[in-house]
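Quick note on my numbering: the sequence shown kicks off at 2 and runs consecutively.
One structure below.
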Amino acid sequence: MPQDLVQNYRGLKAAVIIMGVLLVLGSIALVVGLVRQTARINESVTQKSLQNIVLPLELSGKITQFQIDGGRLMLLTEEMDRQKLILLDLTSGEILMQIEPKTAKP
């Protein structure tokens, strides 16, 4: 009986050691994966070239508000008491959308 108990303890010790090693190796693999993914994201962000975006004359005016969300820029412009909302793609400089309130006819 004591011999069986000692063998059981040895088996449990071996299982605990093996699981501990697997836990440590898994944690190391997780950290390495996170570092690689972060490096890949940083490379893609720095590889995008920044460019000057020139608004066409009909879209110009006083910029009253702006907001950046991801790769897009939203501008709220005002010219002669008329507001326009312009949505730009920051990577291409393309105007994605313009929203202008319709003026009432007198």
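Cβ coordinates follow ideal geometry from the N, Cα and C atoms, glycine included.
Being a predicted model, the structure only gives us computed values, none of them experimental.
Selection from the options that minimises the alpha carbon distance to residue i
i, options, result
"L56", "R37, L77 and R41", "L77"
"M75", "D90, V17 and G12", "D90"
"R83", "T92, I64 and G71", "I64"
"I87", "Q66, M81, V33 and K103", "Q66"
"E79", "I96, I100, T92 and V7", "I100"
Paired residues, beta bridge with residue i - DSSP
i, result
"M81", "Answer by DSSP bridge pairing: none, since M81 is not bridged."
"Q66", "L77"
"D90", "R73"
N- and C-terminal bounds of the beta strand (DSSP E) containing residue i
i, result
"L56", "L56 -> no beta strand (DSSP E), and no H or E assigned at all."
"L97", "I96 to I100"
Proximal residues to residue i (C-beta, below 6 Å), its chain only, five neighbours per side dropped
i, result
"I42", "none"
"L35", "none"
Residues near residue i in its chain [Cβ-Cβ closer than 7 Å; skip 5 each side]
i, result
"Q68", "M75"
"G71", "none"
Contact set for residue i: own chain, Cβ-Cβ below 8 Å, skip 5 residues either direction
i, result
"L26", "none"
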